[in-house]
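K.L.:
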Amino acid sequence: DAYNMAKLLCDKYYMSSPDLEIEEVNASNSQQPISIVYVPSHLYHMLFELFKNAMRATVESHENSPRLPAIKVMVALGQEDLSIKMSDRGMGVPLRKIERLFSYMYSTAPTPQLGTGGAPLAGFGYGLPISRLYAKYFQGDLQLFSMEGFGTDAVIYLKALSTDSVERLPVYNKSAWRHYQASQEGGDWCVPSTEPKNTSTYRIP
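By the count of the UniProt record's numbering, the sequence shown reaches residue 205 at its end, each step adding exactly one.
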């Protein structure tokens, strides 16, 4: 699963990894385990990325501690949402950097060296942006709440009912059609234009 794979990478790079503590709350039926319909690969990717980030932050911020603080996961199922909260004690990040963490190609980790013979733990800068994209694709979300000097809470929001998990697709209407029809595309060296264009009409005065 996602935790075991992240733990494997963390043990390989740091020779240590934090434990996992899981708690479940099923508000709909407290006698039954939590169960929803969702895309397994999407959920795996989101959890895997969050586990990697939490483990790296925890290990690096407690490298001199005799015992690493555990990563705590709370799974709560309500009438509308399934929420997964992952909490770490990795010292957190400043508020001004929260949104930057969701920017592509931005990472707090050093850029990994390719060709070293192993999968990098972090550093490419697309794990969190794609994870949030996966969450939002079916009307969910991924949010970070960090306390600098303490730790970070990452919360994944998913729809509890599969009937509410409608794909979030871009709208293609008449306005969008006019925009694409009005755009002037010039040929390039590889794919020349189908018809010659009078480039003088596109010059900026």
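Using N, Cα and C, we set each Cβ at its ideal position, and we do this for glycine too.
The structure displayed is predicted, hence computed values, not measured ones.
Taking Cβ to Cβ, would you say residue 133 is nearer than 7 Å to residue 156?
P.N.:
no
K.L.:
So residue 87 and residue 59 are in contact, right, with Cβ under 8 Å, and what is the actual spacing, rounded?
P.N.:
Contact doesn't hold; Cβ gap of about 16 Å is too wide.
K.L.:
One question on the structure: do residue 76 and residue 25 come within less than 7 Å of each other, judged by their Cβ atoms?
P.N.:
yes
K.L.:
Do you know how far the Cα of residue 27 is from the Cα of residue 164?
P.N.:
C-alpha separation (whole angstroms): 18 Å.
K.L.:
How about residue 135 and residue 82: do their beta carbons lie closer than 7 Å?
P.N.:
no
K.L.:
I'd like to know whether the C-beta atoms of residue 46 and residue 131 end up nearer to each other than 7 Å.
P.N.:
One thing to note: residue 46 has its Cβ within 7 Å of the Cβ of residue 131.
K.L.:
Which word fits residue 146, buried or exposed, when buried means at least 16 other C-beta atoms lie within 10 angstroms of its C-beta?
P.N.:
buried
K.L.:
If the criterion is Cβ atoms closer than 7 Å, does the pair residue 61 and residue 90 meet it?
P.N.:
The Cβ atoms of residue 61 and residue 90 sit closer than 7 Å to each other.
K.L.:
In whole angstroms, give me the CA-to-CA distance for residue 96 and residue 31.
P.N.:
42 Å
K.L.:
Taking only three categories from DSSP, how would you classify residue 54?
P.N.:
Correct three-state label for residue 54: helix.
K.L.:
Hey, could you find the ends of the alpha helix (DSSP H) residue 130 is sitting in?
P.N.:
127 to 137
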